[in-house]
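Worksheet: one structure, shown below.
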Amino acid sequence: MNRLPIDEILPEFLTAVKTHSAIVVQAPPGAGKTTRVPLALLADSSFNNQKILMLEPRRLAATNAARWMASLLGEEVGKTVGYSIRFERKVSAATRIEVVTEGILSRRLQTDPGLAGVGVVIFDEFHERSLHSDLALALCRDAQQGLREDLKIVVMSATLDAAPIAALLGNAPLITSAGRTFPVNLRYLPREAEGRLPETVAAAVHRALNETEGDILVFLPGAGEIRRCQRLLENSGDGQSPLICPLFGDLPFDAQEKAILPASRRKVVLATNIAETSLTIEGVRVVIDSGFCRQLRFDPASGLNRLVTVRVSAASATQRAGRAGRLGPGICHRLWTEHIQTTLIPYAAPEICTSDLAGFALDLALWGVGDAASLAWLDPPPVAALAEGRALLKRLGALDRQGLITESGRRMAGLPVHPRLAHLLVEGGRRGYGTQACDMAALLTERDIFRYTFSSGHRPVSDSDMLDRVEALGEWRKKGGGGAMPDGVDSTACRAVDRVSRQLRSILGIKDSFLPCSVETAGLLLAWAYPDRIARQREPGSARYLLVNGRGGKLSERSALGDNPFVVAVAMEGGERGDGVIHLASALNIDMIRKECAGDIAWQRLVVWDGRQGRVVAREEERLGAIVLDSRQITPSADETTAALLQGISEGQGLASLNWTQEAVQFRSRVCFIARCFPDEGWPDLTIEHLGRSLEAWLGPYLAGIKTLTQLSNLDILSPLKNMLSWEQQRMLGGEAPTHIVVPSGSRISLDYAQDGPPVLAVKLQEMFGLADTPTLARGTVPVVLHLLSPARRPIQVTRDLRSFWNSVYPEVKKELKGRYPKHPWPDDPWNAAPTRHTKKR
DNA sequence: CTCTCCCT
Numbered sequence: 025m026n027r028l029p030i031d032e033i034l035p036e037f038l039t040a041v042k043t044h045s046a047i048v049v050q051a052p053p054g055a056g057k058t059t060r061v062p063l064a065l066l067a068d069s070s071f072n073n074q075k076i077l078m079l080e081p082r083r084l085a086a087t088n089a090a091r092w093m094a095s096l097l098g099e100e101v102g103k104t105v106g107y108s109i110r111f112e113r114k115v116s117a118a119t120r121i122e123v124v125t126e127g128i129l130s131r132r133l134q135t136d137p138g139l140a141g142v143g144v145v146i147f148d149e150f151h152e153r154s155l156h157s158d159l160a161l162a163l164c165r166d167a168q169q170g171l172r173e174d175l176k177i178v179v180m181s182a183t184l185d186a187a188p189i190a191a192l193l194g195n196a197p198l199i200t201s202a203g204r205t206f207p208v209n210l211r212y213l214p215r216e217a218e219g220r221l222p223e224t225v226a227a228a229v230h231r232a233l234n235e236t237e238g239d240i241l242v243f244l245p246g247a248g249e250i251r252r253c254q255r256l257l258e259n260s261g262d263g264q265s266p267l268i269c270p271l272f273g274d275l276p277f278d279a280q281e282k283a284i285l286p287a288s289r290r291k292v293v294l295a296t297n298i299a300e301t302s303l304t305i306e307g308v309r310v311v312i313d314s315g316f317c318r319q320l321r322f323d324p325a326s327g328l329n330r331l332v333t334v335r336v337s338a339a340s341a342t343q344r345a346g347r348a349g350r351l352g353p354g355i356c357h358r359l360w361t362e363h364i365q366t367t368l369i370p371y372a373a374p375e376i377c378t379s380d381l382a383g384f385a386l387d388l389a390l391w392g393v394g395d396a397a398s399l400a401w402l403d404p405p406p407v408a409a410l411a412e413g414r415a416l417l418k419r420l421g422a423l424d425r426q427g428l429i430t431e432s433g434r435r436m437a438g439l440p441v442h443p444r445l446a447h448l449l450v451e452g453g454r455r456g457y458g459t460q461a462c463d464m465a466a467l468l469t470e471r472d473i474f475r476y477t478f479s480s481g482h483r484p485v486s487d488s489d490m491l492d493r494v495e496a497l498g499e500w501r502k503k504g505g506g507g508a509m510p511d512g513v514d515s516t517a518c519r520a521v522d523r524v525s526r527q528l529r530s531i532l533g534i535k536d537s538f539l540p541c542s543v544e545t546a547g548l549l550l551a552w553a554y555p556d557r558i559a560r561q562r563e564p565g566s567a568r569y570l571l572v573n574g575r576g577g578k579l580s581e582r583s584a585l586g587d588n589p590f591v592v593a594v595a596m597e598g599g600e601r602g603d604g605v606i607h608l609a610s611a612l613n614i615d616m617i618r619k620e621c622a623g624d625i626a627w628q629r630l631v632v633w634d635g636r637q638g639r640v641v642a643r644e645e646e647r648l649g650a651i652v653l654d655s656r657q658i659t660p661s662a663d664e665t666t667a668a669l670l671q672g673i674s675e676g677q678g679l680a681s682l683n684w685t686q687e688a689v690q691f692r693s694r695v696c697f698i699a700r701c702f703p704d705e706g707w708p709d710l711t712i713e714h715l716g717r718s719l720e721a722w723l724g725p726y727l728a729g730i731k732t733l734t735q736l737s738n739l740d741i742l743s744p745l746k747n748m749l750s751w752e753q754q755r756m757l758g759g760e761a762p763t764h765i766v767v768p769s770g771s772r773i774s775l776d777y778a779q780d781g782p783p784v785l786a787v788k789l790q791e792m793f794g795l796a797d798t799p800t801l802a803r804g805t806v807p808v809v810l811h812l813l814s815p816a817r818r819p820i821q822v823t824r825d826l827r828s829f830w831n832s833v834y835p836e837v838k839k840e841l842k843g844r845y846p847k848h849p850w851p852d853d854p855w856n857a858a859p860t861r862h863t864k865k866r
């Protein structure tokens with residue numbers, strides 16, 4: 025065997041395995057860890073007759089690793105070295121190394137927590153941090169500490185963040201190996217690119233084609249950008265244009281192969297993240313990295329996933345650049361500046377932090393763990409997502425009220441699908457729709473069998489109806505799984521769906537032949553899986569729906585499903601706010617909803633204020649969650665009406681919607697004034713804030729018979745306000761905070777009780793002749809503020825000391841105004857002049 | 001410009 029960098033550290037590794045229960049191996053790509061580490065353990069005598077399990081994140085990686093190790097031993101796969109992946113198992117009694125994928129390991133741990141006969145479990149590529157590998161490591165560690173102290177755990181990681189893993193595993197020894205790749209020359213943009221991504225990328229491709237040799241691999245976030253970029257590159261083609269190959273997961277197999285295999289012409293591969301780790305493309309010397317990728321984020325608040333386009337992590341950018349250095353020295357053009365590079369997050373958030381945790385929660389419940397905190401996590405599962413997952417499991421009957429797994433939950437956990445689909449399968453089997461349930465679950469698990477055919481512009485009849493897919497799958501079977509399918513149906517995807525459906529049938533023990541699925545059956549099955557996404561059309565003919573869970577969803581405009589008043593939204597992407605996008609749905613009928621959801625449907629009496637109509641409305645609604653199935657008018661009781669009215673007032677314009685006459689306004693101010701003067705004398709609180717809060721208490725009794733805004737605006741609120749005072753208080757108010765004051769001229773003048781501060785008496789100067797003392801209120805404690813006015817009611821002086829006004833200010837005032845108002849009296853001696861509101865002539 | 005990528 026040729027020497028690999030990993031060979032340097034194998035002796036140290038073997039020593040560590042003997043003295044520690046967990047070891048972390050850190051080795052970059054090209055070190056050879058995937059084949060050498062298991063073989064070294066096999067050759068060591070300490071694990072005689074015990075099995076070595078190695079976890080790989082992908083099926084292809086698992087089979088390749090097993091084949092390569094077997095060939096190094098000069099054997100066939102399935103002898104000493106074997107593998108188990110979904111649908112395929114190559115092991116024998118002689119097998120000592122078994123390479124498995126993630127789901128297999130979780131399942132094996134769940135059925136045999138002691139991992140009988142296994143000496144070592146190796147987690148390869150652990151830095152990818154898939155939800156499954158995090159869970160499997162936590163369960164393994166739990167098993168090791170509780171049941172199997174002799175079990176060894178080896179975690180292998182390619183990146184430099186292995187130290188926290190070592191700490192998690194009880195300060196496990198961390199052994200680092202060198203790697204073997206060629207240097208890659210990194211080139212950044214001088215300044216941040218403007219304009220849209222595909223344009224920027226296309227320009228970079230043109231530059232690279234002129235300046236460098238070799239095939240070019242371009243990383244873009246998604247299929248949309250790839251298509252646009254492809255169009256730009258093809259349209260600008262000169263005679264020598266290179267081969268442009270799109271590459272993304274939903275592409276049919278032959279198109280993917282065309283992108284991967286060497287070509288006779290120079291090649292430009294436009295790829296998503298698929299080329300970052302899973303697929304290796306031959307002949308690449310140049311990488312162009314747009315710096316963005318798409319991620320699915322689970323939003324616990326809506327219970328929906330959302331696709332977001334985000335900047336890649338620094339680790340991901342390194343991995344992408346490394347793709348140019350597999351043959352020899354390479355070049356990587358990063359379409360961002362060196363400054364942006366310093367702002368990239370070091371590693372992408374692990375799946376456990378961003379995913380739907382329903383299936384994860386079911387696995388924990390099956391393991392018998394109620395509190396996730398009792399297991400060891402590098403990043404603990406987020407509380408909100410876990411709670412959302414558990415709530416869904418309860419709704420699906422997988423957990424009981426205490427959160428313990430039910431019998432049905434155990435059956436669901438044994439099915440290799442999301443808990444929603446597991447429920448569909450269990451319920452479907454029980455009710456005699458087993459084969460249709462398997463097809464439906466398989467269609468939803470695997471890649472969509474409908475393909476968008478961009479070149480021909482042809483589309484399937486409806487792009488969002490689940491039933492169309494069920495029927496297309498039936499057609500495909502009728503043709504014996506081959507033959508020409510209608511444009512837009514992907515035969516490869518049909519085969520994958522059929523395979524999963526058959527596996528599910530075998531697990532469930534279903535032997536019936538495949539049966540067609542009616543629209544009713546399809547709706548029924550999907551309502552079991554998505555009870556919270558049953559939806560009602562908002563208006564006839566509208567593409568907008570309201571879901572049982574209160575969210576809004578919008579079907580694509582051309583979807584033929586838009587004729588249905590009820591649908592179940594299957595694949596749905598939550599919007600930031602407002603309506604989400606319903607990608608897949610199925611029609612439902614109201615009778616089926618009434619029957620299947622009977623337990624969740626209730627008639628609800630509703631007496632509420634309708635702000636738009638400005639009146640109390642009363643009806644009874646048949647509700648399923650947020651959606652209304654039926655409703656009818658009712659006659660509300662007096663109490664209900666009052667309560668609705670009060671709610672309408674406080675939710676609407678508040679006190680402003682009441683009839684505030686001048687008298688009522690003044691009354692309220694007077695009481696507030698006197699309450700401020702005598703805070704300890706038990707005056708009621710008539711501030712706006714308090715009145716708003718205590719509507720029911722003071723206004724409630726006066727609302728009998730009032731149902732509309734018009735009636736409300738005719739209600740005199742002076743009486744309710746007055747009745748908040750005792751008779752004694754009302755009498756005292758009249759004396760100490762009167763509405764008016766009689767001035768020397770004999771006029772009764774209204775007092776202005778301001779919000780804070782003393783009340784104001786605005787009066788013509790001539791009406792006050794002879795008065796020395798400023799009038800007072802509140803048992804003589806508060807002099808009013810006099811606004812002395814000219815005959816034309818212009819303010820002349822503000823004072824609270826009338827005596828000194830007559831003595832010192834009046835002579836000046838007189839001089840100034842006498843000429844302007846000659847018809848009015850301006851006596852030299854105001855003390856002895858007759859007060860008057862009239863001119864001199866009288 | 002619909003929808004990144006894996007796995008039981």
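Heads up: the first sequence runs through residues 25 to 866, numbered per this note's numbering.
Here a beta-carbon is modelled for each residue, glycine too, at the ideal position from N, C-alpha and C.
Remember, it's a predicted structure, so these values are computed and weren't measured experimentally.
- Secondary structure of Ile773 (DSSP, three-state): strand.
- With a minimum length of 3 residues, there is no unbroken run of beta strand (DSSP E) contained wholly in the segment 439–506.
- Gly354 and Val513 have their C-alpha atoms spaced approximately 40 Å apart.
- When the beta-carbon positions are compared, Pro405 and Thr205 stay at least 9 Å from each other.
- Straight-line spacing of the CA atoms in Ala517 and Ile473 works out to 5 Å.
- By the C-beta criterion, the segment 186–201 is judged to be in contact with the segment 26–33, since at least 3 inter-stretch pairs fall below 8 Å.
- Taking 9 Å as the cut-off, the Cβ atoms of Leu416 and Leu445 do not count as close.
- With distances taken between CA atoms, Gln753 lies nearest to Phe702 out of Ala728, Gly238, Ala190, Phe702.
- Its Cα nearest to that of His44, the residue Gly194 stands out among Leu133, Gly194, Leu171.
- The three-state secondary structure of Gly758, taken from DSSP, is helix.
- Distances from the alpha-carbon of Met490 to those of Lys502, Leu579, Ser832, Asp424 put Leu579 closest.
- Secondary structure of Lys176 (DSSP, three-state): strand.
- Here the alpha carbons of Gly427 and Arg455 stand approximately 26 Å from one another.
- Ranking Gly307, Arg692, Cys377, Ser750 by CA distance to the CA of Glu705 puts Ser750 first.
- Across the set Lys842, Ala796, Gly843, the C-alpha of Ala796 shows the shortest separation from the C-alpha of Thr823.
- The secondary-structure analysis by DSSP pairs Gln821 across a beta bridge with Leu812.
- For Ala348, the CB contacts under 8 Å within the same chain, skipping 5 residues up- and downstream, are Val208, Leu241, Val308, Arg309, Val310, Val311, Gly354, Ile355, Cys356 in chain order.
- In this structure the segment 154–164 touches the segment 371–387; the number of beta carbon pairs closer than 8 Å is three or more.
- Taken atom to atom, the span from the alpha-carbon of Gln671 to that of Glu720 is near 9 Å.
- Judged by beta-carbon spacing, Val124 lies within the 9 Å limit of Met78, meaning their Cβ atoms are closer than that value.
- Closest option to Ala64, judged by alpha-carbon separation, among Ala650, Val178, Ala191: Val178.
- Only buried fits Lys291, as 16 or more other CB atoms lie within 10 angstroms of its CB.
- Taking C-beta atoms as the reference points, Val494 and Asp463 count as a pair closer than 9 Å.
- Taking a cut-off of 8 Å on C-beta distances, the segment 98–108 touches the segment 118–137, as three or more cross pairs fall below it.
- Comparing alpha carbon positions, the residue from Gln821, Arg335, Gln779, Pro859 closest to Ser769 is Pro859.
- Your pair Phe316 and Thr333 checks out as a contact, with CB atoms roughly 6 Å apart and the cut at 8 Å.
- Per DSSP, the continuous beta strand (DSSP E) segment holding Arg321 begins and ends at 316–323.
- In the structure shown, the three-state DSSP call for Ile268 is strand.
- Under the three-state reduction of DSSP, Gly672 is assigned to helix.
- Taking a cut-off of 8 Å for Cβ pairs, the segment 421–438 and the segment 81–101 do not touch, as fewer than three such pairs fall below it.
- The beta-carbon distance between Leu233 and Pro266, rounded to whole angstroms, is 7 Å. This is short enough to meet the 8 Å contact definition.
- Its chain contains Val48, Ala196, Leu198 as the residues whose beta carbon lies nearer than 6 Å to that of Ala190, once the 5 sequence neighbours on both sides are disregarded; these appear in chain order.
- For Trp92, the enclosing alpha helix (DSSP H) starts and ends at 83–96.
- By the criterion of a C-beta distance shorter than 8 Å, His156 is surrounded in its chain by Glu126, Gly127, Leu129, Ser130, once the five residues flanking it on both sides are discounted.
- Here Pro374 is not bridged, per DSSP, to any residue.
- Taking each of Asn588, Pro589, Gly246, Gly598 in turn and checking the Cα distance to Gly574, the smallest one comes out for Gly598.
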